[in-house]
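To convert, take the position in the sequence shown, counting from 1, and add 703; that gives my numbering.
Think of the CB as a built atom: it goes at the ideal place given N, C-alpha and C, for glycine as much as any other residue.
Note that the coordinates shown come from a computational prediction; the quantities given were computed from them, not determined experimentally.
Here the structure is laid out as structure tokens; the discussion comes afterwards.
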Amino acid sequence: MPASTKRKERVPGSKSEAPSGRRGGGDGPDLISLLPDDLLSSILSLLPIKDSARTSVLSTRWRHLWTTASLHLDSDHLHRNKRPSASWTPRHQEAWRARAIDQILSVHCGPIPTSHLSGYFLDNPTNVDTWLEILTRKGIRDLSFFCHYERRFVEDAEEQQCFYRLPSSLLTCNSLITLKLTNCQLPELPRSVPAFVNLRNLFMQFTALCDGTFHDLLSYCRSLQHVALIHCTGLRSLHVRSRSLDSLVLKCSSPDYTDSVEELIIEDAPNFRCLMLRENALEYLQVEILNAPKMELFGFVCMDIKRLKMGGTCFEPNRTVSSLSTRMHSLKTLAISVIFDDDSEAEVVYDLLKCFPCLETLDVRIVFLDDPHDGDSGYWERQGSLDCLDCHLESVTMKGFEGQSTDLGFAKFIIAKARVLKEMTLLCASTNWRREWVENIQQQLCLEKSASPAVEVVLMKDQYRIDEFSTWNLVINDWICESHMLLDQLSLEVIATCRLVCSLLAQRGRGMWGL
704 MPASTKRKER VPGSKSEAPS GRRGGGDGPD LISLLPDDLL SSILSLLPIK
754 DSARTSVLST RWRHLWTTAS LHLDSDHLHR NKRPSASWTP RHQEAWRARA
804 IDQILSVHCG PIPTSHLSGY FLDNPTNVDT WLEILTRKGI RDLSFFCHYE
854 RRFVEDAEEQ QCFYRLPSSL LTCNSLITLK LTNCQLPELP RSVPAFVNLR
904 NLFMQFTALC DGTFHDLLSY CRSLQHVALI HCTGLRSLHV RSRSLDSLVL
954 KCSSPDYTDS VEELIIEDAP NFRCLMLREN ALEYLQVEIL NAPKMELFGF
1004 VCMDIKRLKM GGTCFEPNRT VSSLSTRMHS LKTLAISVIF DDDSEAEVVY
1054 DLLKCFPCLE TLDVRIVFLD DPHDGDSGYW ERQGSLDCLD CHLESVTMKG
1104 FEGQSTDLGF AKFIIAKARV LKEMTLLCAS TNWRREWVEN IQQQLCLEKS
1154 ASPAVEVVLM KDQYRIDEFS TWNLVINDWI CESHMLLDQL SLEVIATCRL
1204 VCSLLAQRGR GMWGL
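Pasting the structure below:
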């Protein structure tokens, strides 16, 4: 007789029921609640705030436990779902958000390791001072502060720009590792008290600071590794002397603007690796690299150079580089911006490549003149090989490639001379993208004469005319987002486990997560 497929119902309390601790059912002891508060707070900090708050109904002990968990405060996620009235404006929303931040900071008892504050903060700048002081006491590690222009903040009468002046208490925050500021003003660093002793990452955008403050940051912040200065005002001459600095991003404008910088000198940076500049920065910025033995990434370098000095080698307008007494063997990645139709710029490219014998990656952004004229189409055919082409260059990207005689000549030069080249990517304007044009370019590249047997040439349609390569954007963002990436990776691995643990916190707590 076949066995019955009807499932037999279990009777609560029967012997066949699974013991507590192995299944969610039963009336066994609540072992999870026996864990110490610190461990439970750590578990709750990995949950969304709504799920964490729901544990307050489990028991008297759990009522306030969620308020001791780590809080990640982001003002961009604070908003009212419904407008109270038709007259509700964005300024009302901003005032409501400021009050919400006040309440959150006043009632939360636990640490706040990360915080992003962004808005007009209409009530009073002193409220912001209080927020930053509270965050300092609560062990802030990653702080992003974006302050919109507001006339009631500190105003520079000469430049007609407004900046929020940071409180001096933030300078003594020992827990701070990453600081991102927009539309702020740094106070003078104290000489008697250490400032930003553990700060590693500093990102400043549209922020006011002077040369002296920048130099003090490098001198007193012994852990500082990554600095980004994006259109900051008040800087003129930057001298880099730091044993810890790893990378510097500098975006500034021409001398007609308040965010212009006249010179950048890398004086003594034994661990410095990356220097990233705005595409045409070297047209008006003088750069001198004296001691950076580990520097491996440099760009953008435009060929209309005002002054670029690397040791004993100097590039200046209307001056032929006759002696290359200094070569940077450490440099692996270079980005350049060039007008190949200009014969003088083509010559600078060739001389510049001589300076980096161990170059592995070359990114080229091609610029064409508004009034185009034919350059020397045979220039690259007359040039000999280079050290970097013989042994090291593996990847070349040419953005803005149009297949004219000058840029095509450079591509053919690289293909014919680079012995270990693996890939050349030609990003072409969409207006030129036709089958006949592509086939013609493939034929003219003369791949059968390539020096590298393993080279692959990729032609791609460039639909987005951006000023910078995506690779450079990734480099800039890598260190800015490093802490967030590590946290996200950790959360992905344990969040499911934490949800399961919290759902088993107490037998009467089962099913509450769907409330």
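Distance, residue j Cα to residue i Cα
i                 : j                  : result
serine 651        : methionine 907     : Because the chain in this structure spans residues 704 to 1218, residue 651 falls outside the shown range and cannot be described.
serine 1080       : phenylalanine 1001 : 28 Å
serine 723        : proline 739        : Bear in mind that a pLDDT of 42 at serine 723, under 50, signals an unreliable position, so the number given afterwards is only what the model happens to contain. Roughly 21 Å separates the two Cα atoms.
histidine 934     : cysteine 887       : 12 Å
histidine 782     : arginine 802       : 11 Å
glutamine 1086    : alanine 1114       : 13 Å
valine 1099       : leucine 1130       : 11 Å
phenylalanine 909 : arginine 1010      : 26 Å
cysteine 913      : phenylalanine 866  : 14 Å
aspartate 849     : cysteine 1149      : It should be noted that the sequence gives phenylalanine, not aspartate, for residue 849. Phenylalanine 849 and cysteine 1149: Cα-Cα distance of roughly 52 Å.
isoleucine 735    : leucine 749        : 16 Å
arginine 1137     : glutamine 1107     : 15 Å
tryptophan 769    : asparagine 974     : 43 Å
threonine 1029    : tyrosine 1053      : 15 Å
threonine 833     : glutamine 989      : 41 Å
tryptophan 799    : glutamate 965      : 43 Å
aspartate 805     : valine 896         : 29 Å
threonine 829     : aspartate 959      : 34 Å
tryptophan 1140   : alanine 931        : 41 Å
cysteine 1017     : leucine 1055       : 10 Å
serine 847        : threonine 1128     : 37 Å
arginine 939      : serine 956         : 11 Å
serine 926        : serine 947         : 6 Å
histidine 795     : threonine 916      : 37 Å
aspartate 674     : serine 922         : Residue numbering for the chain in the displayed model covers 704 to 1218; residue 674 lies beyond these limits and cannot be assessed.
glutamate 797     : alanine 911        : 24 Å
isoleucine 1008   : isoleucine 1144    : 31 Å
lysine 954        : threonine 758      : 48 Å
Bridge-paired residues (DSSP) for residue i
i                  : result
cysteine 1131      : Phe1104 and Lys1164
glycine 1002       : Met979
phenylalanine 1059 : Answer is none; phenylalanine 1059 lacks a bridge partner.
lysine 1012        : Glu991 and Cys1017
alanine 931        : Phe906 and Val952
aspartate 971      : Arg944
valine 1041        : Ile1069
histidine 780      : Beta-bridge pairing links histidine 780 to no other residue.
threonine 1036     : Leu1000 and Thr1064
arginine 794       : Its beta-bridge partners do not exist; DSSP assigns none.
tyrosine 867       : Cys887
Cut-off 6 Å between Cβ atoms - residues of its own chain near residue i, not counting five sequence neighbours on either side
i               : result
threonine 771   : Ser744, Cys812 and Gly813
isoleucine 837  : Leu808
alanine 1038    : Gly1002, Phe1003 and Asp1066
glutamate 1126  : Ser1098 and Glu1159
glycine 842     : Pro814 and Ser878
tryptophan 1083 : Gly1112, Phe1113 and Phe1116
isoleucine 968  : His942 and Glu991
asparagine 994  : Asp971
serine 1088     : Lys1120
threonine 792   : none
leucine 820     : Ser778 and Phe848
proline 870     : Asp832 and Leu835
Same chain, Cβ closer than 7 Å to residue i, five either side skipped, listed in chain order
i               : result
methionine 1031 : Met998, Met1013, Cys1058 and Phe1059
cysteine 1005   : Glu982, Asn983, Leu985, Glu986 and Ser1040
alanine 1157    : Lys1125
threonine 839   : Ser872, Leu873 and Cys876
Beta-carbon gap between residue i and residue j smaller than 8 Å
i              : j              : result
valine 1123    : glutamate 1159 : no
leucine 1162   : alanine 1121   : no
lysine 1102    : aspartate 1044 : no
proline 816    : aspartate 845  : yes
aspartate 949  : histidine 918  : no
serine 1153    : alanine 1119   : yes
glycine 1015   : alanine 1049   : no
threonine 1064 : threonine 1036 : yes
leucine 835    : leucine 873    : yes
serine 790     : glycine 822    : no
serine 818     : leucine 776    : yes
leucine 920    : leucine 951    : no
histidine 1095 : leucine 1072   : no
Close-in-space but distant-in-sequence residues of the same chain around residue i (CB under 8 Å, 5 per side omitted)
i              : result
valine 1070    : Ser1040, Val1041, Ile1042 and Gly1103
proline 996    : Pro973 and Ser1033
isoleucine 880 : Arg844, Asp845, Asn901, Leu902, Arg903, Asn904 and Ser1186
valine 1135    : For the sequence presented, residue 1135 should be read as asparagine rather than valine. Once the five neighbours on either side are set aside, the close Cβ partners of asparagine 1135 are Glu1105 and Gly1106.
* In chain order, which beta strand (DSSP E) runs of at least 3 residues are fully inside the stretch 884 to 924? -> 904 to 908
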